[in-house]
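Everything in the sequence shown is counted per this note's numbering, starting at 1 for the first residue and increasing by one. Built from N, CA and C at the ideal position, the CB exists for glycine as well.
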Amino acid sequence: MSREPAPSSKPRGRRPDGDITRQRILDAAGQLIAERGYAEATSKAICALAQCNLAAVNYHFGSREGLYRAVLKEMHQHLISLEQLQKLACSDRPARERLVDLIRALTLNVINGKRWQARLWSRELLTPSPYVSELIAEEAMPKSRLVLSLLGELTGKPVEDPALLRCLFSVIAPVMMLQVISRDITTPLSGLFEQSEEALAEHLVRFALAGLDAVI
1 MSREPAPSSK
11 PRGRRPDGDI
21 TRQRILDAAG
31 QLIAERGYAE
41 ATSKAICALA
51 QCNLAAVNYH
61 FGSREGLYRA
71 VLKEMHQHLI
81 SLEQLQKLAC
91 SDRPARERLV
101 DLIRALTLNV
111 INGKRWQARL
121 WSRELLTPSP
131 YVSELIAEEA
141 MPKSRLVLSL
151 LGELTGKPVE
161 DPALLRCLFS
171 VIAPVMMLQV
181 ISRDITTPLS
191 GLFEQSEEAL
201 AEHLVRFALA
211 GLDAVI
């Protein structure tokens, strides 16, 4: 008597429509939290904006807190992911070329980012949530160490040299400033967003390299 084949134990892949729903929830949560703050952005409001069932938050993220952690991670990974930085760090290309690629990528990612990402980052800097320390430990610190290592290669300075931390600040600060400038009101820097992405990226690259050349 032949036996029927046993059911496959291979895990099912995530359904494409599930990925779409998850991303809609992330975007809706990011938008509402950036506008109202975490305490005022309810799961009900988020799901209404995302046009999904209220249970979808727990299904995709485990909890409202899990959703906010995912939103913060999405915000930070949009700048550049840890995997991208690791790949850049492991490349055998000259350090100067890799730094140019990094600054260009950061600049273009910030300019082309979703508006809620910039607003949420500004909110977190001014009034940190209980989850920002986790974000810094898991995302910002590992990325900073990789960039410090790259700057060390370029300048010939050891990673523990205090001057290298100043170099990191000088290279990254203009990009972070771009991230927090409001595009919803007119400011003295609003004209930056009317310039071409490439021109702005090229300026930040040249400015950073000139500064690094001055301290080598």
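Alpha carbon to alpha carbon, how far is residue j from residue i? Give it in angstroms, no decimals.
{"i": "S129", "j": "Q31", "result": "16 Å"}
{"i": "S170", "j": "G37", "result": "30 Å"}
{"i": "L108", "j": "L178", "result": "10 Å"}
{"i": "E74", "j": "L135", "result": "10 Å"}
{"i": "E197", "j": "P142", "result": "27 Å"}
{"i": "S91", "j": "Q117", "result": "29 Å"}
{"i": "A140", "j": "T127", "result": "17 Å"}
{"i": "V215", "j": "L85", "result": "24 Å"}
{"i": "V132", "j": "L99", "result": "27 Å"}
{"i": "W121", "j": "F61", "result": "21 Å"}
{"i": "R206", "j": "K44", "result": "47 Å"}
{"i": "G113", "j": "D184", "result": "14 Å"}
{"i": "Y59", "j": "L67", "result": "10 Å"}
{"i": "P162", "j": "E35", "result": "38 Å"}
{"i": "L54", "j": "A29", "result": "13 Å"}
Taking residue i as the reference, give the member of the options with the closest Cα.
{"i": "I33", "options": "T21, D19 and R115", "result": "R115"}
{"i": "L219", "options": "R22, L82 and R166", "result": "There is no way to answer for residue 219, as the model of the chain reaches only from 1 to 216."}
{"i": "L164", "options": "R206, S190, V147 and Y59", "result": "V147"}
{"i": "L204", "options": "E40, D101, Q77 and A55", "result": "D101"}
{"i": "T21", "options": "L120, G62, Q51 and L151", "result": "Q51"}
{"i": "E160", "options": "A95, A39, P174 and S144", "result": "S144"}
{"i": "T42", "options": "N58, K87, R64 and L82", "result": "R64"}
{"i": "E97", "options": "M176, L200, A199 and L151", "result": "L151"}
{"i": "R123", "options": "L72, D19 and E83", "result": "L72"}
{"i": "L48", "options": "G66, L26 and A39", "result": "It should be noted that the sequence gives Ala, not Leu, for residue 48. Nearest option by C-alpha distance: L26."}
{"i": "L192", "options": "G156, E83 and V110", "result": "V110"}
{"i": "I172", "options": "P158, L79 and A29", "result": "L79"}
{"i": "A137", "options": "R69, L154 and K157", "result": "R69"}
{"i": "V57", "options": "T186, P174, Q23 and S149", "result": "Q23"}
In this structure, how does DSSP classify residue i when only helix, strand and coil are distinguished?
{"i": "A214", "result": "helix"}
{"i": "G18", "result": "helix"}
{"i": "A55", "result": "coil"}
{"i": "A28", "result": "helix"}
{"i": "A45", "result": "helix"}
{"i": "E40", "result": "coil"}
Check the Cβ-Cβ distances between residue i and every residue of chain B, and say whether any is below 8 Å.
{"i": "A137", "result": "In the structure shown, chain B cannot be found, because there is only a single protein chain."}
Item checked: Length-filtered (4 minimum) alpha helix (DSSP H) runs lying within the stretch 130-208 -> 132-135, 141-155 and 162-180
Next item on the list: Counting only runs of 4+ residues fully inside the stretch 48-116, write out the alpha helix (DSSP H) ranges in chain order.
Entry: 56-61, 64-79, 82-90 and 95-111
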